[in-house]
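Numbering (my numbering), first residue to last: 1 to 240. Each remark here refers to the structure printed beneath this line.
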Amino acid sequence: MSASPKLEGKIVLVTGAAKRIGREIALRLASEGARVALHYGESREEAERTAAECGGAELFQADLESVPQIRRLFEQVRQRCGGLDGLVNNAARFTRFNVLEIEENDWDYVHSVNLKATFFCCQSAARMMQPGGRIVNISSLGGLRPWAEHVHYCASKAGVIMLTKALSKALAPGITVNTVAPGVIPFGESDERIEAMVRATPMQRAGKGSEIADAVVYFLTCPDFITGQLLAVTGGLEHR
């Protein structure tokens, strides 16, 4: 794939980039000519492989539960990369609980990364991006449809969607903020729940990580009149 002139040389940080959707996004951005900065939490070995596949991308480790570590992460990106043109907030946690059994630490485990860290990464990026830049937050089908055993996760991802809308106003006109909501995107795993969701998907198949990357590239390169928007990459499942 030839490099995109709109992304050539642009510095883009992807959080949670070691594997799965984050890896797909990082590889696509590198193929488009972007200078990709890869964040990881604990998966160093996978992150190193992804960085190598991206042509030697810069690696940055941080625990996104910690706001001081988030701020350190962005300062390191500034020092090592020289600035920031785009941010993809992909890092997330996903767990399943009976709603009557969720404890405070279970709630915080998900929300500290899925919602709180997304905000503070956006804030840190915006401080670096003046006068302009692009932010893409990865939300989820779970932010659009209620899942009984994922109440805490659904709340966090619905929060990302509204956070995106509010930030698109707060950071205008220089910075665009949009969100991509993936549907069922398996990476080799399968169980009855996944198979049932695929059967319910109007397009009659699961999605691919590359399709999420396509949506991210769109928001990183589209006209800046497009901001505060949600792109659901679900095969139509959010309408079922």
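Every residue, glycine too, gets a C-beta built ideally from N, C-alpha and C.
### Task
Please report the Cβ distance between Pro182 and Ser140, rounded to the nearest whole angstrom; I am assuming they are in contact, meaning their Cβ atoms lie under 8 Å.
A Cβ-Cβ distance of about 6 Å is found for the pair Pro182 and Ser140, placing them in contact under the 8 Å criterion.
### Message
Looking only at its chain, what residues have a beta carbon closer than 8 Å to the beta carbon of Glu8, apart from the 5 residues adjacent to it on each side?
### Response
Glu32, Gly33 and Ala34
### Message
Please classify Gly22 as buried or exposed, where buried requires at least 16 neighbouring CB atoms within 10 angstroms.
### Response
buried
### Task
Specify, as a first and last residue, the run of the beta strand (DSSP E) that Gly133 falls within.
Gly133 to Ile138
### Query
Taking the alpha helix (DSSP H) that Gln69 falls in, what are its first and last residues?
Val67 to Cys81
### Task
Counting only the same chain and skipping the five closest in sequence on each side, list residues whose C-beta sits under 6 Å from that of Gln123.
Contacts found: none.
### Message
Between the alpha carbons of Glu189 and Ala206, how many angstroms are there, rounded?
### Response
Inter-residue distance for Glu189 and Ala206 is about 12 Å (C-alpha atoms, whole angstroms).
### Query
So who's on the other strand from Ala51, going by DSSP bridges?
DSSP lists no partner for Ala51.
#### Entry: Assigned secondary structure, Val99 (DSSP; H/G/I helix, E/B strand, else coil)
coil
### Message
Please state the DSSP three-state secondary structure of Asn89.
### Response
Strand.
### Residue range of the unbroken alpha helix (DSSP H) whose run includes Asn105
Glu104 to His111
### Query
Taking DSSP as the reference, what is the three-state secondary structure of Phe60?
strand
### Query
For Ile11, does the three-state DSSP call read helix, strand or coil?
Looking at Ile11 - three-state DSSP - the assignment turns out to be strand.
### Task
Compute the Euclidean distance between the alpha carbons of Pro131 and Gly86, then round it to the nearest angstrom.
12 Å
### Task
Check whether the Cβ atoms of Val160 and Asn137 sit closer than 8 Å, and answer yes or no.
yes
### Query
Closest by CA to Asn90, which one among Gly209, Thr201 and Trp107?
Gly209
### Query
Buried or exposed: which applies to Val110, given that a residue is buried once 16 or more other Cβ atoms fall within 10 Å of its Cβ?
buried
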